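Residue numbers (full-length UniProt numbering): 1 to 171.
Note that beta-carbon positions come from the ideal geometry of N, C-alpha and C, so glycine has one too.
Quick caveat, the model's predicted, so the values are computed rather than measured.
Written out as structure tokens, the structure is:
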């Protein structure tokens with residue numbers, strides 16, 4: 001039986017040693033079997049001990065856009081709690097290749113609402129032409145005009161608003 005001390009092992013050149021593992025616990029060849037009653041209790045818990053079942057399917061509501069601000073942001077006051085929020089529109093471009101090879105492009109316009117501390121950033125750093133990276137959730141609300149016409153408004157409620165790229169586009 002060979003005996004090595006840490007001092008002898010540390011003096012061996014690293015390239016000449018294979019991986020060495022040291023275990024302080026003796027390996028036991030015989031598996032330990034749990035008590036049958038404990039196993040039954042684990043898997044046959046009463047309904048009150050089980051975690052509540054999920055009542056709805058998993059869902060995700062997330063939007064990410066990179067685009068240019070089409071006009072200076074509008075800062076408004078929330079009527080219910082008198083806090084400021086920013087409303088702005090961000091344009092994104094889409095290019096599609098048709099079957100004949102011709103490229104067509106069009107622009108989508110996204111209404112974005114910004115709340116909280118990000119409003120100060122919007123007031124200081126964002127104006128028409130600024131390129132932004134926006135993440136948030138999609139909010140759809142229905143309003144009814146005086147004539148009874150129903151209008152659906154789709155907005156992105158921003159979680160994150162960051163400047164994207166270099167300086168704003170020259171006009």
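Item, Value
"Alpha-carbon spacing of residue 92 relative to residue 69, whole angstroms", "9 Å"
"Local conformation of residue 25 per DSSP, three classes", "Since pLDDT at residue 25 reaches only 49, below the 50 mark, its modelled position is unreliable, and no value is offered."
"Ordered list of alpha helix (DSSP H) runs contained in the stretch 94-147, each at least 4 residues", "118-125"
"DSSP state of residue 41 mapped onto helix, strand, coil", "helix"
"Counterpart residues of residue 74 in DSSP-defined beta bridges", "87"
"Cβ contact (3+ pairs, closer than 8 Å) linking the stretch 84-91 and the stretch 101-119", "yes"
"Supposed close pair residue 119, residue 85 - CB separation, criterion 8 Å", "6 Å"
"Top-ranked residue by Cα proximity to residue 163, from 149, 98, 128, 145", "128"
"Short Cβ contact (7 Å threshold) for residue 101 with residue 131", "no"
"Per-residue burial, residue 126 [other beta carbons within 10 Å of its own, 16 or more giving buried]", "buried"
"Exposure of residue 122, with buried meaning 16 or more beta-carbon neighbours within 10 Å", "buried"
"Local conformation of residue 155 per DSSP, three classes", "strand"
"Residue from 155, 82, 115 whose Cα sits closest to the Cα of residue 137", "155"
"Those residues which DSSP pairs with residue 184 across a bridge", "It is not possible to answer for residue 184, since the shown part of the chain is limited to 1 through 171."
"Member of 144, 115, 104, 147 whose CA lies at the smallest distance from the CA of residue 73", "115"
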